[in-house]
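Participant:
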Amino acid sequence: MSKNDLKSSLHALIEGIEDTAVLQAYLILLSREVKSQEDFWETIDSKTKLAIEEGLADFAQGRDQDFFQYMKTAHGVER
Numbered sequence: 001m002s003k004n005d006l007k008s009s010l011h012a013l014i015e016g017i018e019d020t021a022v023l024q025a026y027l028i029l030l031s032r033e034v035k036s037q038e039d040f041w042e043t044i045d046s047k048t049k050l051a052i053e054e055g056l057a058d059f060a061q062g063r064d065q066d067f068f069q070y071m072k073t074a075h076g077v078e079r
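Going by UniProt numbering, the sequence shown opens with residue 1, and the numbers climb by one from there.
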């Protein structure tokens, strides 16, 4: 069965449901599925996106540093 056939079958089944509670349950279930497919990148703020992009650029150019070394250098925190 193709994706379009499945969607048509689901639509036909939903059209036949009269119980509001059942319809609400399916709405919640389907809404969660759609939300779980969202790309997290679209949900983060621009400041965080910029920081990630800078980190990836640093890494691509060979500028990477061990976390513990960074904490020691930047914040004076020793292991």
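We treat Cβ as the ideally placed atom computed from N, Cα and C, and that holds for glycine.
At which residue ranges does the stretch 10-67 contain complete alpha helix (DSSP H) runs of 4 or more residues, listed in the order of the chain?
Facilitator: Runs found: 20-36 and 46-60.
Participant: I need the DSSP call for MET1, collapsed to helix, strand or coil.
Facilitator: Coil.
Participant: When the Cα atoms are used, what is the spatial distance from GLU78 to ASP66?
Facilitator: Spanning the two alpha carbons is a distance of roughly 13 Å.
Participant: For GLN24 and GLU33, what's the separation of their Cα atoms in angstroms?
Facilitator: Computed Cα separation, rounded: 14 Å.
Participant: Just the Cα atoms here: how many angstroms apart are residue 80 and SER8?
Facilitator: Residue 80 lies beyond the stretch modelled for the chain, which goes from 1 to 79, so this question has no answer here.
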